[in-house]
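Asks: Take this structure first; my questions come after.
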Amino acid sequence: MPIWAYNPKADCLENFSEVQLTLAEKRMLLCVCSGMTTNMMVSVLNKSADTINGYRKSVIAKLGVQNMQEAIAMAMIHKLL
Numbered sequence: 001m002p003i004w005a006y007n008p009k010a011d012c013l014e015n016f017s018e019v020q021l022t023l024a025e026k027r028m029l030l031c032v033c034s035g036m037t038t039n040m041m042v043s044v045l046n047k048s049a050d051t052i053n054g055y056r057k058s059v060i061a062k063l064g065v066q067n068m069q070e071a072i073a074m075a076m077i078h079k080l081l
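Quick note: the sequence shown uses the UniProt record's numbering, first residue 1, plus one each step.
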């Protein structure tokens with residue numbers, strides 16, 4: 001059964017059952033949930049700051065949100081984490 005959510009950027013309903021986050025994107029989101037800064041994530045995830053920022057941009061685009069707080073809420077609501 002599809003999961004629908006309103007995307008204010010596109011002003012339409014979107015099928016969230018098709019949205020999938022990569023393992024790296026999920027790990028980054030969990031780090032953000034834990035209150036980690038990008039510099040902390042660099043050490044923990046062993047990735048560059050540019051890579052982590054790329055994950056952020058990708059998650060924001062995939063979820064159709066404007067910031068990481070909205071991304072976390074959307075990921076939790078739709079059980080993507």
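Quick reminder that beta carbons are idealized off the backbone N, C-alpha and C, glycines included.
Since the structure is predicted, the reported quantities are computational estimates derived from the model, not experimental observations.
Output needed for residue 97: all residues of its chain with C-beta closer than 6 Å, excluding positions within five of it in sequence on either side, in chain order.
Replies: Past the edges of the chain, shown from 1 to 81, lies residue 97, and the structure says nothing about it.
Asks: Starting from the C-beta of Y6, find all residues in its chain whose C-beta is less than 7 Å away, skip the five residues before and the five after it, and write them out in chain order.
Replies: Taking the sequence shown and counting its residues from 1, the one referred to as residue 6 is at position 6. Only L13 meet the Cβ criterion.
Asks: Identify the continuous alpha helix (DSSP H) that holds N39 and give its terminal residues.
Replies: What you label residue 39 is simply residue 39 of the sequence shown in a count that begins at 1. Per DSSP, N39 belongs to the alpha helix (DSSP H) from T38 to L45.
Asks: State buried or exposed for I52, treating a residue as buried only when at least 16 other CB atoms are found within 10 Å of its CB.
Replies: Position 52 of the sequence shown, counting from 1, holds the residue named residue 52. The residue in question, I52, is buried, as its Cβ has 16 or more Cβ neighbours within 10 Å.
Asks: What are the boundary residues of the beta strand (DSSP E) that includes E14?
Replies: Counted from its first residue, the sequence shown places residue 14 at position 14. Taken as a continuous stretch (DSSP letters only), the beta strand (DSSP E) holding E14 covers C12 to N15.
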